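Heads up, the thing below is written out as structure tokens.
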Amino acid sequence: MEAGLHDRLYRTPSEAPAGIVHLGLGAFFRAHGALYVAEAAAEGGGDWGIIGVSLKSPGTRDRLLPQGWAYTAVELGPDGMTPQVVTALTDVLVAPEDPQAVLDAMAAETTRIVSLTVTEKGYCHEPSTGRLNTAHPDIAHDLAHPLPSSAPGFLVRALAARRDAGLGPFTVLCCDNLPENGHVVRGVVLELARLVEPALADWIAQHGAFPSTMVDRIVPATTPEDLDRLEAETGQRDEAPVMHEPFRQWVIEDRFCTPRPAFEAVGAQLVADVTPFEHMKLRMLNGTHSSLAYLGYLAGHQTISDTVADPVFAGFVSRLWRDEIIPALTPPPEVDLAAYAAALARRYANPAIRHRTWQIAMDGSQKLPQRILSTIAESRAAGRAVPGLMLAVAGWMRYASGRDEAGQPIEVKDPLAQRLAALWQDDPAATVAGFLTLQEVFPRQLREDADFAGDLTGALRTLVDRGAREAVRG
Ligand code: CS2
1 MEAGLHDRLY RTPSEAPAGI VHLGLGAFFR AHGALYVAEA AAEGGGDWGI IGVSLKSPGT
61 RDRLLPQGWA YTAVELGPDG MTPQVVTALT DVLVAPEDPQ AVLDAMAAET TRIVSLTVTE
121 KGYCHEPSTG RLNTAHPDIA HDLAHPLPSS APGFLVRALA ARRDAGLGPF TVLCCDNLPE
181 NGHVVRGVVL ELARLVEPAL ADWIAQHGAF PSTMVDRIVP ATTPEDLDRL EAETGQRDEA
241 PVMHEPFRQW VIEDRFCTPR PAFEAVGAQL VADVTPFEHM KLRMLNGTHS SLAYLGYLAG
301 HQTISDTVAD PVFAGFVSRL WRDEIIPALT PPPEVDLAAY AAALARRYAN PAIRHRTWQI
361 AMDGSQKLPQ RILSTIAESR AAGRAVPGLM LAVAGWMRYA SGRDEAGQPI EVKDPLAQRL
421 AALWQDDPAA TVAGFLTLQE VFPRQLREDA DFAGDLTGAL RTLVDRGARE AVRG
């Protein structure tokens, strides 16, 4: 540890024994779940320290280690920044360096909850169906080796270790943007466990708990400039701060098989069924985020706030909410969806949050089904046209081609990137036909709908002929 840094910068690190192991120690969890946990422990007590686990790279651990695992969460509001020191982490592990240490932490008697933010692709499932992708290289590895590499692999092997030690399971708390996320992770865990040992799957099914949650806070990737700005503001250097908007929301199904922090004391909503909240958030927030990301990027906009500062895009996103997404939703109890949309518009416009369109555009093949295609499929079945969302899908296809409207290369980050780029053709009908072979992305209902292919071809033609900015004008 660098001499004195921790003392100068931070209060004492958390002394609480870790009741939680968190897989996927990205900026989002450090700016969302970790704060709820720390506040809930302060309000309601309990041993709720967090052991963070990076499943891939050591970068976060290396930056946090000299700081005694403490970091600053910086709220970026209209009146400037509000930094807050977070001391919720008690340790950070890097799975590829020592997978056994991760399994030991998960299997420890003191561990009650394993929470996850491993992004959509981290579940190794097929996005269009939610089923485990048994051909995934990490799953193939985890079936062949007792020391896992994937999130489902760690969950299954750690649950097995607990059963063998005579302990009960931990609660698995999924915090990723998937519909019915607890249901999805339960499904992949049970499928994998059944392939490892059928009796283990039965034990998990009988004793385990996988509550679904809806998580929300806009947390752009931290940049080198953020570190400098924070240092200028506080006079202290933090190598691993996280930057976030003021808003936050966490809706959690109250179905734990273990004790849990007093989340309800710090503003989380504990409910019996999270589904209507998840659909609202995934389609209204994430669905428009992705739409603005692809079309905004193609129109030359760097961030979401830049995109919605362009009146053409502000009008486009309002129409998406009012005419296309809200009509397909059942509002959660006591929620006014028009007011929710108006609040989203204000959040997007926050100029202090520099959330890059390029960042949100990442992993489109994993995101589109639950964010956009579900609304399209339901609307078509109900006979409602959704031209804006069709344009968004066309925007994704054009973006995934790897060339922007000026012919410049785009750095496309997506597990299917190579396949997607190869699908692009000069003829829009041929491009659409190629994309519609992607079973893992498009649900069967859309793949087999000739009218859908025709409408999507029309949207793509408009996008190519007129350019993204003119096309969204409507
Ligand atoms: C974004 C989300 O990167 C993305 O795909 O849509 O990270 C979004 O900012 C959060 O889900 C907001 O809660």
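In full-length UniProt numbering, the protein residues as written are 1 to 474.
Yeah, the Cβ is synthetic: ideal placement off N, Cα and C, and Gly gets one too.
Computed from a predicted structure; not experimentally measured.
| query | Heavy atom of the ligand CS2 less than 7 Å from the Cβ of HIS244, yes or no? | reply | Translated into the one-based positions of the sequence shown, residue 244 becomes position 244. Set against 7 Å, the gap from the CB of HIS244 to the closest heavy atom of the ligand CS2 is not smaller.
| Nearest-angstrom Cα separation, counted from GLY182 out to VAL242 | Locating residue 242 in the sequence shown gives position 242, where the first residue counts as 1. Locating residue 182 in the sequence shown gives position 182, where the first residue counts as 1. Near 26 Å, if we compare the C-alpha coordinates of GLY182 and VAL242.
| field | Cβ-based burial, ALA73 [other Cβ within 10 Å; buried from 16] | value | The count along the sequence shown starts at 1 and reaches residue 73 at position 73. So ALA73 ends up on the buried side.
| query | Which of helix, strand or coil does DSSP assign to LEU159? | reply | Locating residue 159 in the sequence shown gives position 159, counting from the first residue. Helix, per DSSP.
| query | Expressed to the nearest angstrom, what Euclidean distance is found between the alpha-carbon atoms of PRO333 and ALA165? | reply | Stepping through the sequence shown from its first residue, residue 333 is reached at position 333. Stepping through the sequence shown from its first residue, residue 165 is reached at position 165. Near 42 Å, if we compare the C-alpha coordinates of ALA165 and PRO333.
| query | Among ASP414, THR134, PRO327 and ARG255, which one has its Cα closest to the Cα of HIS279? | reply | As a position in the sequence shown, residue 279 is number 279, starting the count at 1. Taking each of ASP414, THR134, PRO327 and ARG255 in turn and checking the Cα distance to HIS279, the smallest one comes out for PRO327.
| query | At which residues does the beta strand (DSSP E) containing HIS22 begin and terminate? | reply | Translated into positions along the sequence shown, residue 22 becomes position 22. Its beta strand (DSSP E) spans residues 18-23.
| query | In this structure, does DSSP put SER137 in helix, strand or coil? | reply | Counted from its first residue, the sequence shown places residue 137 at position 137. It is worth fixing the name first, because residue 137 is Pro in this sequence and not Ser. Residue state, collapsed to three classes: helix.
| message | In the DSSP output, which residue or residues are listed as bridge partners for THR330? | response | As a position in the sequence shown, residue 330 is number 330, starting the count at 1. Per DSSP, THR330 has no beta-bridge partner at all.
| task | Quick one: give me the first and last residue of the beta strand (DSSP E) that HIS32 is part of. | result | By 1-based counting over the sequence shown, the position of residue 32 is 32. From DSSP, HIS32 is part of no beta strand (DSSP E); its letter is neither H nor E.
| query | Can the beta-carbon of ILE218 be found closer than 8 Å to that of HIS355? | reply | On the sequence shown, residue 218 is found 218 positions in, with the first residue counted as 1. On the sequence shown, residue 355 is found 355 positions in, with the first residue counted as 1. Their beta carbons are under 8 Å apart, which means ILE218 touches HIS355 by this criterion.
| query | Between ILE204 and the rest of its own chain, which residues show a CB-CB distance below 7 Å, the 5 nearest in sequence each way excluded? | reply | Position 204 of the sequence shown, counted from the start, is the residue given in the question as residue 204. LEU159, PRO169, VAL189, LEU190 and ALA193.
| query | Taking the alpha carbon of ARG260 as the point to measure from, which residue in ALA31, GLU39 and PHE28 has its own alpha carbon closest? | reply | Here the question's residue 260 lines up with position 260 in the sequence shown. Minimum Cα distance to ARG260 is reached at GLU39.
| Which residues in the same chain as LEU147 place their Cβ atom closer than 7 Å to its Cβ, once the five residues preceding and following it in sequence are excluded? | As a position in the sequence shown, residue 147 is number 147, starting the count at 1. Closer than 7 Å at Cβ, skipping near neighbours: PRO99 and GLN100.
| field | Sub-8 Å separation of ALA459 and ALA361 beta-carbons | value | The residue labelled residue 459 in the question sits at position 459 within the sequence shown. The residue labelled residue 361 in the question sits at position 361 within the sequence shown. Against a cut-off of 8 Å, the Cβ pair of ALA361 and ALA459 comes out as no contact.
| request: Could you spell out the range, first to last residue, of the alpha helix (DSSP H) harbouring residue 506? | output: Nothing can be reported for residue 506, as the shown portion of the chain is limited to 1 through 474.
| task | Pick helix, strand or coil for GLN366, following the three-state DSSP scheme. | result | Position 366 of the sequence shown, counted from the start, is the residue given in the question as residue 366. GLN366: helix per DSSP, three-state reduction.
| query | Between the C-alpha atoms of PRO13 and ALA41, what's the straight-line distance to the nearest angstrom? | reply | For the purposes of this step, residue 13 is identified with residue 13 of the sequence shown, where counting begins at 1. For the purposes of this step, residue 41 is identified with residue 41 of the sequence shown, where counting begins at 1. Here the model assigns PRO13 a pLDDT of 49, short of 50, so the residue's position is not dependable, and the following value carries that caveat. Rounded to whole angstroms, PRO13 to ALA41 spans 14 Å at the Cα level.
| Unbroken stretches of the alpha helix (DSSP H), 4 residues or longer, contained in the region 380-437 | 387-400, 417-423 and 428-435
| message | Here's the rule I'm using: 16 or more other beta-carbon atoms within 10 Å means buried, otherwise exposed. How should ALA88 be labelled? | response | Reading the sequence shown from its first residue, position 88 is the one you call residue 88. ALA88 should be labelled buried.
| field | When TRP321, GLN445, GLY24 and ILE139 are compared against GLU378, the one with the closest alpha-carbon | value | Numbered from its first residue, the sequence shown carries residue 378 at position 378. Nearest of TRP321, GLN445, GLY24 and ILE139 to GLU378, Cα basis: GLN445.
| query | Does the distance from the CB of VAL185 to the CB of CYS174 come in under 8 Å? | reply | Numbered from 1 along the sequence shown, position 185 holds the residue referred to as residue 185. Numbered from 1 along the sequence shown, position 174 holds the residue referred to as residue 174. Their beta carbons are under 8 Å apart, which means VAL185 touches CYS174 by this criterion.
| message | Could you check whether the region 285-292 touches the region 247-261, counting it as contact only if at least three pairs of C-beta atoms, one from each stretch, sit closer than 8 Å? | response | no
| message | Let me check you understand the geometry: is the CB of LYS413 closer than 7 Å to at least one non-hydrogen atom of the ligand HEM? | response | Questions concerning the ligand HEM fall outside what the structure shown contains, since the ligands it does hold are the ligand CS2.
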